[in-house]
Amino acid sequence: MPAQIISVDRGRFRPEDVASASAVLARGGLVAFPTETVYGIGTNAESGSSVTRLLEITGSPQDRPLTIHLAHSFEIDGWLREVPPAARRLIRRFWPGALTILLTCRDGQVRGFRIPQDDIARALIAAAGVPVAVFSANVADAPPMSRPADVIRQFGDDLDAIVDAGPAKLAKLSTAVEVGPDSCRIVREGALERGVVLEACRKRILFVCTGNTCRSPMAEALMRRALALRLGVPEERLAERGWVVESAGVSASDGAPTSGEAIRVLEEAGCRPRNAGSRRLTASMLEEADRVYVMTRGHLERVIELAPGAAGRARRLDPARDIVDPIGGGLDAYREVVRHIRKAVDSVVKTL
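For the sequence shown, the numbering used here begins at 22 and goes up steadily by one.
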(Lines of atoms letter the chains of each structure in order from A and count residues from 1; the text may use other names and numbers.)
(Lines give C-alpha, C1' and ligand atoms only; values in the text may rest on other atoms or scores of the structure.)
Protein backbone atom coordinates (compact mmCIF):
# COMPACT_ATOMS: atom_id res chain seq x y z
CA MET A 1 0.00 0.00 0.00
CA PRO A 2 1.50 3.39 -0.97
CA ALA A 3 2.54 5.75 1.79
CA GLN A 4 0.19 8.47 2.95
CA ILE A 5 1.52 11.81 1.67
CA ILE A 6 1.10 14.61 4.20
CA SER A 7 1.71 17.98 2.57
CA VAL A 8 2.82 20.81 4.86
CA ASP A 9 3.11 24.50 4.02
CA ARG A 10 6.14 25.79 5.91
CA GLY A 11 4.86 29.33 5.84
CA ARG A 12 1.68 28.32 7.68
CA PHE A 13 2.92 25.34 9.67
CA ARG A 14 1.12 24.31 12.85
CA PRO A 15 2.10 21.31 15.00
CA GLU A 16 -1.29 19.70 14.40
CA ASP A 17 -0.39 19.48 10.70
CA VAL A 18 1.83 16.50 11.50
CA ALA A 19 -0.31 14.93 14.25
CA SER A 20 -1.29 12.00 12.04
CA ALA A 21 2.36 11.36 11.13
CA SER A 22 3.32 11.45 14.81
CA ALA A 23 0.66 8.85 15.54
CA VAL A 24 2.11 6.61 12.84
CA LEU A 25 5.56 6.93 14.44
CA ALA A 26 4.20 6.15 17.89
CA ARG A 27 2.63 2.88 16.80
CA GLY A 28 5.80 1.75 15.01
CA GLY A 29 5.13 2.88 11.47
CA LEU A 30 7.82 4.27 9.18
CA VAL A 31 7.62 7.97 8.38
CA ALA A 32 9.83 10.09 6.12
CA PHE A 33 10.13 13.73 7.13
CA PRO A 34 12.37 16.73 6.50
CA THR A 35 15.16 18.00 8.70
CA GLU A 36 17.25 21.05 7.87
CA THR A 37 19.96 18.73 6.47
CA VAL A 38 18.23 15.97 4.47
CA TYR A 39 15.05 13.90 4.64
CA GLY A 40 15.07 11.17 7.26
CA ILE A 41 13.07 8.00 7.81
CA GLY A 42 12.02 7.43 11.39
CA THR A 43 10.23 4.88 13.52
CA ASN A 44 9.59 3.97 17.14
CA ALA A 45 13.00 2.97 18.53
CA GLU A 46 11.32 0.79 21.17
CA SER A 47 9.78 -1.49 18.54
CA GLY A 48 12.29 -4.14 17.49
CA SER A 49 10.29 -5.19 14.45
CA SER A 50 9.96 -1.56 13.31
CA VAL A 51 13.70 -0.97 13.64
CA THR A 52 14.37 -4.17 11.68
CA ARG A 53 12.05 -2.94 8.94
CA LEU A 54 13.89 0.42 8.88
CA LEU A 55 17.23 -1.36 8.52
CA GLU A 56 15.89 -3.55 5.72
CA ILE A 57 14.42 -0.82 3.52
CA THR A 58 17.59 1.29 3.81
CA GLY A 59 19.83 -1.71 3.11
CA SER A 60 21.63 -1.22 6.41
CA PRO A 61 23.53 -3.90 8.34
CA GLN A 62 21.79 -5.19 11.45
CA ASP A 63 24.54 -3.79 13.68
CA ARG A 64 24.28 -0.24 12.33
CA PRO A 65 24.07 2.16 15.31
CA LEU A 66 20.69 3.84 15.63
CA THR A 67 20.42 7.60 15.63
CA ILE A 68 17.82 8.85 18.10
CA HIS A 69 16.23 12.19 17.26
CA LEU A 70 15.18 14.12 20.35
CA ALA A 71 12.80 17.01 20.90
CA HIS A 72 14.60 18.35 24.01
CA SER A 73 18.23 18.14 25.13
CA PHE A 74 17.39 16.92 28.65
CA GLU A 75 16.03 13.69 27.16
CA ILE A 76 19.56 12.46 26.50
CA ASP A 77 20.17 12.01 30.24
CA GLY A 78 17.82 9.03 30.31
CA TRP A 79 20.01 7.15 27.84
CA LEU A 80 23.41 7.61 29.49
CA ARG A 81 25.06 6.96 32.83
CA GLU A 82 26.75 10.33 32.49
CA VAL A 83 26.92 12.80 29.62
CA PRO A 84 30.63 13.43 28.91
CA PRO A 85 31.68 17.08 29.36
CA ALA A 86 32.66 17.36 25.70
CA ALA A 87 29.18 16.19 24.71
CA ARG A 88 27.64 18.83 27.00
CA ARG A 89 29.69 21.49 25.23
CA LEU A 90 28.65 20.23 21.80
CA ILE A 91 24.99 20.09 22.83
CA ARG A 92 25.01 23.65 24.17
CA ARG A 93 26.72 24.99 21.07
CA PHE A 94 25.14 23.04 18.21
CA TRP A 95 21.71 21.75 19.27
CA PRO A 96 19.24 22.13 17.77
CA GLY A 97 21.21 21.76 14.58
CA ALA A 98 23.18 19.68 12.13
CA LEU A 99 25.27 17.66 14.59
CA THR A 100 24.86 13.99 15.45
CA ILE A 101 26.70 12.91 18.61
CA LEU A 102 27.57 9.22 19.02
CA LEU A 103 27.70 8.08 22.65
CA THR A 104 27.89 4.84 24.60
CA CYS A 105 24.56 4.28 26.35
CA ARG A 106 23.67 2.61 29.65
CA ASP A 107 23.24 -0.74 27.90
CA GLY A 108 26.70 -0.55 26.35
CA GLN A 109 25.37 0.15 22.85
CA VAL A 110 26.66 3.08 20.81
CA ARG A 111 23.87 5.31 19.50
CA GLY A 112 23.76 8.64 17.73
CA PHE A 113 21.73 11.53 19.14
CA ARG A 114 20.53 14.71 17.50
CA ILE A 115 17.99 17.49 17.87
CA PRO A 116 17.18 18.79 14.39
CA GLN A 117 16.66 22.50 13.92
CA ASP A 118 13.74 22.01 11.55
CA ASP A 119 10.47 23.03 13.26
CA ILE A 120 8.45 20.36 11.47
CA ALA A 121 10.82 17.58 12.51
CA ARG A 122 10.88 18.70 16.14
CA ALA A 123 7.09 19.01 16.34
CA LEU A 124 6.71 15.55 14.80
CA ILE A 125 9.18 13.98 17.24
CA ALA A 126 7.75 15.73 20.29
CA ALA A 127 4.19 14.70 19.51
CA ALA A 128 5.17 11.07 18.90
CA GLY A 129 5.98 10.69 22.59
CA VAL A 130 8.40 7.79 21.94
CA PRO A 131 12.12 7.58 21.15
CA VAL A 132 12.41 8.07 17.40
CA ALA A 133 15.15 6.19 15.53
CA VAL A 134 16.04 7.96 12.29
CA PHE A 135 18.22 7.12 9.29
CA SER A 136 18.79 9.42 6.33
CA ALA A 137 16.42 8.69 3.44
CA ASN A 138 18.65 6.66 1.15
CA VAL A 139 19.65 3.08 0.54
CA ALA A 140 23.16 2.00 1.49
CA ASP A 141 25.95 3.77 -0.44
CA ALA A 142 23.50 6.06 -2.27
CA PRO A 143 23.42 9.84 -1.73
CA PRO A 144 20.95 11.10 0.89
CA MET A 145 17.76 12.64 -0.40
CA SER A 146 16.82 16.26 0.20
CA ARG A 147 13.74 16.48 -2.07
CA PRO A 148 10.41 14.86 -1.17
CA ALA A 149 9.77 13.78 -4.77
CA ASP A 150 12.90 11.61 -4.65
CA VAL A 151 11.82 10.08 -1.34
CA ILE A 152 8.37 9.27 -2.73
CA ARG A 153 9.86 7.70 -5.84
CA GLN A 154 12.35 5.54 -3.90
CA PHE A 155 10.39 4.65 -0.78
CA GLY A 156 6.74 5.42 -1.52
CA ASP A 157 5.68 1.77 -1.42
CA ASP A 158 7.76 0.90 1.66
CA LEU A 159 6.74 3.63 4.10
CA ASP A 160 3.56 4.35 6.00
CA ALA A 161 3.68 8.13 5.66
CA ILE A 162 5.79 10.84 4.03
CA VAL A 163 5.73 14.44 5.21
CA ASP A 164 6.21 16.63 2.14
CA ALA A 165 7.41 20.09 3.19
CA GLY A 166 9.55 20.91 0.19
CA PRO A 167 13.32 20.56 -0.14
CA ALA A 168 15.58 20.28 2.89
CA LYS A 169 17.38 23.56 3.50
CA LEU A 170 21.01 22.39 3.58
CA ALA A 171 20.86 19.30 1.35
CA LYS A 172 23.83 17.87 3.22
CA LEU A 173 24.16 15.25 5.97
CA SER A 174 24.70 16.26 9.57
CA THR A 175 28.26 16.16 10.85
CA ALA A 176 28.76 13.16 13.15
CA VAL A 177 31.18 13.09 16.08
CA GLU A 178 31.88 10.17 18.42
CA VAL A 179 32.50 11.28 22.00
CA GLY A 180 34.09 9.11 24.68
CA PRO A 181 35.15 9.91 28.25
CA ASP A 182 38.47 11.34 27.00
CA SER A 183 38.15 11.65 23.24
CA CYS A 184 36.29 13.24 20.34
CA ARG A 185 36.47 11.92 16.79
CA ILE A 186 34.75 13.13 13.64
CA VAL A 187 33.25 10.03 12.03
CA ARG A 188 31.38 11.79 9.22
CA GLU A 189 32.00 15.10 7.51
CA GLY A 190 28.82 17.07 7.00
CA ALA A 191 27.05 20.39 7.27
CA LEU A 192 29.21 21.68 10.14
CA GLU A 193 32.90 22.33 9.55
CA ARG A 194 35.30 19.89 11.21
CA GLY A 195 37.32 22.66 12.87
CA VAL A 196 34.26 24.29 14.42
CA VAL A 197 33.15 21.00 15.96
CA LEU A 198 36.61 20.03 17.23
CA GLU A 199 37.00 23.47 18.80
CA ALA A 200 34.10 22.67 21.11
CA CYS A 201 35.71 19.30 21.90
CA ARG A 202 38.80 20.84 23.50
CA LYS A 203 39.45 19.53 27.00
CA ARG A 204 38.71 22.07 29.71
CA ILE A 205 40.45 22.36 33.07
CA LEU A 206 38.66 24.58 35.58
CA PHE A 207 40.19 25.94 38.79
CA VAL A 208 37.86 27.15 41.53
CA CYS A 209 38.41 29.34 44.59
CA THR A 210 36.25 31.88 46.41
CA GLY A 211 36.54 35.23 44.63
CA ASN A 212 38.53 34.28 41.50
CA THR A 213 40.99 37.09 42.17
CA CYS A 214 44.02 35.27 43.59
CA ARG A 215 44.24 31.49 44.11
CA SER A 216 42.35 30.19 41.09
CA PRO A 217 43.86 32.77 38.66
CA MET A 218 47.29 31.81 40.00
CA ALA A 219 46.53 28.13 39.49
CA GLU A 220 45.22 28.86 35.99
CA ALA A 221 48.38 30.75 35.03
CA LEU A 222 50.70 28.13 36.52
CA MET A 223 48.82 25.31 34.77
CA ARG A 224 48.92 27.11 31.42
CA ARG A 225 52.68 27.44 31.71
CA ALA A 226 53.23 23.87 32.92
CA LEU A 227 50.99 22.40 30.22
CA ALA A 228 52.64 24.48 27.49
CA LEU A 229 56.08 23.33 28.63
CA ARG A 230 54.95 19.71 28.65
CA LEU A 231 53.52 19.99 25.13
CA GLY A 232 56.45 22.05 23.86
CA VAL A 233 54.30 24.90 22.56
CA PRO A 234 53.76 28.57 23.47
CA GLU A 235 50.84 29.19 25.82
CA GLU A 236 49.00 30.91 22.97
CA ARG A 237 48.84 27.59 21.11
CA LEU A 238 47.33 25.49 23.89
CA ALA A 239 43.88 25.76 22.30
CA GLU A 240 45.29 24.49 19.00
CA ARG A 241 46.55 21.43 20.87
CA GLY A 242 43.10 20.85 22.34
CA TRP A 243 43.32 22.42 25.80
CA VAL A 244 41.49 25.25 27.56
CA VAL A 245 42.45 26.30 31.10
CA GLU A 246 40.01 28.51 33.02
CA SER A 247 39.10 29.65 36.52
CA ALA A 248 36.08 30.90 38.47
CA GLY A 249 34.97 31.65 42.01
CA VAL A 250 32.09 30.29 44.08
CA SER A 251 31.39 33.77 45.48
CA ALA A 252 32.93 35.89 42.74
CA SER A 253 31.44 38.97 41.17
CA ASP A 254 31.99 39.12 37.43
CA GLY A 255 34.75 41.38 36.17
CA ALA A 256 36.80 42.04 39.31
CA PRO A 257 40.54 42.38 38.59
CA THR A 258 43.14 39.88 39.74
CA SER A 259 44.77 41.12 42.94
CA GLY A 260 47.97 43.13 42.59
CA GLU A 261 49.81 40.76 44.91
CA ALA A 262 48.78 37.75 42.81
CA ILE A 263 49.96 39.45 39.63
CA ARG A 264 53.31 40.36 41.20
CA VAL A 265 54.12 36.88 42.52
CA LEU A 266 53.04 35.28 39.26
CA GLU A 267 55.38 37.58 37.36
CA GLU A 268 58.14 36.64 39.80
CA ALA A 269 57.40 33.00 38.93
CA GLY A 270 57.61 33.75 35.21
CA CYS A 271 53.86 33.50 34.52
CA ARG A 272 51.40 35.80 32.82
CA PRO A 273 48.04 36.11 34.57
CA ARG A 274 44.78 36.20 32.65
CA ASN A 275 43.42 39.73 32.55
CA ALA A 276 39.80 39.00 31.65
CA GLY A 277 38.44 39.65 35.15
CA SER A 278 36.81 37.35 37.68
CA ARG A 279 33.91 35.02 36.87
CA ARG A 280 31.21 33.63 39.11
CA LEU A 281 31.06 29.84 39.02
CA THR A 282 28.00 28.38 37.29
CA ALA A 283 26.59 24.89 36.91
CA SER A 284 27.19 24.97 33.16
CA MET A 285 30.90 25.69 33.70
CA LEU A 286 31.12 22.60 35.89
CA GLU A 287 29.10 20.41 33.54
CA GLU A 288 31.36 21.34 30.62
CA ALA A 289 34.70 20.96 32.45
CA ASP A 290 36.67 17.74 32.03
CA ARG A 291 38.55 18.34 35.29
CA VAL A 292 37.69 20.66 38.18
CA TYR A 293 40.31 21.54 40.79
CA VAL A 294 39.30 23.41 43.94
CA MET A 295 41.35 24.96 46.70
CA THR A 296 39.48 23.73 49.79
CA ARG A 297 36.99 21.16 51.03
CA GLY A 298 34.42 23.94 51.29
CA HIS A 299 34.85 24.75 47.62
CA LEU A 300 34.44 21.07 46.76
CA GLU A 301 31.19 20.89 48.70
CA ARG A 302 29.88 23.96 46.88
CA VAL A 303 30.86 22.53 43.49
CA ILE A 304 28.98 19.28 44.16
CA GLU A 305 25.98 21.20 45.47
CA LEU A 306 25.91 23.32 42.33
CA ALA A 307 26.46 20.46 39.87
CA PRO A 308 26.10 16.97 41.41
CA GLY A 309 27.07 15.39 38.11
CA ALA A 310 30.54 16.94 38.38
CA ALA A 311 31.36 15.06 41.60
CA GLY A 312 33.45 12.45 39.80
CA ARG A 313 35.51 15.09 38.02
CA ALA A 314 36.08 17.51 40.91
CA ARG A 315 38.80 17.27 43.55
CA ARG A 316 41.07 19.39 45.70
CA LEU A 317 44.14 20.59 43.82
CA ASP A 318 46.22 19.33 46.74
CA PRO A 319 44.45 16.16 47.93
CA ALA A 320 46.33 16.27 51.25
CA ARG A 321 45.41 19.75 52.47
CA ASP A 322 43.59 22.94 51.63
CA ILE A 323 45.34 25.76 49.81
CA VAL A 324 44.81 28.72 52.12
CA ASP A 325 43.56 32.13 51.05
CA PRO A 326 46.51 34.57 51.11
CA ILE A 327 44.37 37.71 51.10
CA GLY A 328 45.52 40.17 53.75
CA GLY A 329 48.74 38.26 54.39
CA GLY A 330 51.20 40.33 52.36
CA LEU A 331 53.52 39.27 49.56
CA ASP A 332 55.19 36.52 51.57
CA ALA A 333 51.82 34.82 52.05
CA TYR A 334 51.17 35.02 48.31
CA ARG A 335 54.62 33.62 47.53
CA GLU A 336 53.95 30.67 49.83
CA VAL A 337 50.61 30.01 48.13
CA VAL A 338 52.25 30.16 44.68
CA ARG A 339 54.80 27.57 45.81
CA HIS A 340 52.00 25.36 47.14
CA ILE A 341 49.93 25.69 43.96
CA ARG A 342 52.92 25.17 41.67
CA LYS A 343 53.86 21.92 43.42
CA ALA A 344 50.27 20.67 43.13
CA VAL A 345 49.99 21.74 39.48
CA ASP A 346 53.25 19.99 38.61
CA SER A 347 51.79 16.78 40.04
CA VAL A 348 48.53 17.18 38.13
CA VAL A 349 50.09 17.98 34.76
CA LYS A 350 51.91 14.65 34.79
CA THR A 351 48.52 12.91 34.76
CA LEU A 352 47.11 14.78 31.75
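We put the beta carbon where it would ideally sit given N, CA and C, even for glycine.
Under a Cβ-count criterion, where at least 16 other Cβ atoms within 10 Å of its own Cβ denotes burial, should V39 be classed as buried or exposed?
So V39 counts as buried.
Can you tell which of V200, E282, D339 has the C-alpha that lies nearest to the C-alpha of L123?
Of V200, E282, D339, the residue nearest in Cα terms is V200.
Quick one: give me the first and last residue of the alpha helix (DSSP H) that V359 is part of.
First-last of the alpha helix (DSSP H) with V359: 351-370.
Can you confirm whether the stretch 347-356 touches the stretch 325-334 when touching is taken to mean that 3 or more C-beta pairs between the two stretches lie within less than 8 Å?
Too few Cβ pairs lie closer than 8 Å, so no.
Along the chain, where does the beta strand (DSSP E) containing D25 start, and where does it finish?
According to the sequence as given, residue 25 is Gln; it is not Asp. Residues 25-28.
Relative to the C-alpha of G63, which residue among G129, R143, R300 is closest?
Looking at the Cα atoms, R143 is the closest of the given residues.
So V153 packs on H90, CB below 8 Å; how close in whole Å?
That pair is a contact at about 5 Å.
So for H93, helix, strand or coil by DSSP?
DSSP places H93 in coil when its eight states are reduced to three.
Quick check on the burial criterion: 16 or more other C-beta atoms within 10 angstroms. Buried or exposed for F95?
Exposed: under 16 other Cβ atoms inside 10 Å.
Can you tell me whether L250 is buried or exposed, with buried defined as 16 or more other CB within 10 angstroms of its CB?
Exposed is the call here.
Indicate whether S305 and C235 have their beta-carbon atoms separated by less than 8 Å.
Their beta carbons are not under 8 Å apart, which means S305 does not touch C235 by this criterion.
Work out the CA separation of L219 and I362 for me, nearest whole Å.
Their Cα atoms are separated by approximately 30 Å.
Under 8 Å: do the stretch 47-61 and the stretch 153-167 share three or more Cβ pairs, one atom per stretch?
Because the criterion of three Cβ pairs below 8 Å is met, the stretch 47-61 and the stretch 153-167 touch.
DSSP on A40, reduced to helix/strand/coil?
In the structure shown, A40 sits in a helix (DSSP, three-state: H, G or I).
Tell me whether D140 sits in a helix, a strand or coil according to DSSP, three-state version.
D140 falls in the helix class under three-state DSSP.
For N65, count neighbouring C-beta atoms within 10 Å of its own C-beta (all shown protein chains included) and say buried if the count is 16 or more, exposed if not.
Looking at its Cβ environment, which holds 16 or more other Cβ atoms inside 10 Å, N65 is buried.
Looking at A161 and T79, is the spacing between their C-beta atoms short of 8 Å?
Yes, they are a contact pair.
Can you tell me which of G50, V313, E288, K224 puts its alpha carbon nearest to the alpha carbon of E261?
Per the Cα distances, K224.
Which whole-angstrom value is the C-beta distance of D311 and R293, which I expect to be below 8 Å?
Not a contact, Cβ separation roughly 23 Å.
Whose CA, out of V358, G263, S268, lies closest to the CA of R342?
For the residues V358, G263, S268, the minimum Cα distance to R342 belongs to V358.
Looking at the unbroken alpha helix (DSSP H) that takes in A249, where does it start and where does it end?
Its alpha helix (DSSP H) spans residues 236-252.
Which residues in the same chain as P105 place their Cβ atom closer than 8 Å to its Cβ, once the five residues preceding and following it in sequence are excluded?
L124, V200, G201, P202.
Return the bridge partner residues of K193 from the DSSP annotation.
Paired residues: none, contrary to the question.
Rounded to the nearest angstrom, what separates L338 and R258 at their Cα positions?
The straight-line gap from Cα to Cα measures roughly 24 Å.
For R114, collect the residues of the same chain with a Cβ closer than 6 Å to its Cβ; drop the 5 residues on either side in sequence, then sort them by chain order.
These residues qualify, in order along the chain: A221.
In chain order, what residues of the same chain have a beta carbon less than 8 Å from the beta carbon of A273, not counting five sequence neighbours either side?
Hits under 8 Å: T231, G232, N233, T234, S299, R300, R301, L302.
L194 and P165 look like a contact to me (Cβ under 8 Å); what is the Cβ gap, rounded to whole Å?
With a Cβ gap of about 6 Å, L194 and P165 count as contacting.
Using the Cβ count rule (16 or more neighbours within 10 Å means buried), how would you classify S71?
Flag for S71 reads buried.
Taking C-alpha atoms, which residue in I183, E210, E214 lies nearest to I26?
Of I183, E210, E214, the residue nearest in Cα terms is I183.
Give me the Cβ distance between S43 and A186, rounded to the nearest whole Å; I'm assuming they're in contact under 8 Å.
No, S43 and A186 are not in contact; Cβ-Cβ is about 14 Å, not under 8 Å.
Going by beta carbon distance, what residues of the same chain come within less than 8 Å of C126, once the five residues before and after it are set aside?
The answer, listed in chain order, is W100, L101, R132.
State the DSSP-derived secondary structure class of T317, mapped to helix, strand or coil.
If DSSP states are grouped into helix, strand and coil, T317 belongs with coil.
Consult DSSP for L120 and reduce its assignment to one of helix, strand or coil.
The answer is strand: DSSP assigns L120 an E or B state.
To test your reading of the DSSP string, which unbroken beta strand (DSSP E) runs of 3 or more residues are found completely within the stretch 175-225?
Here the runs fully enclosed are 182-185, 196-201, 204-209.
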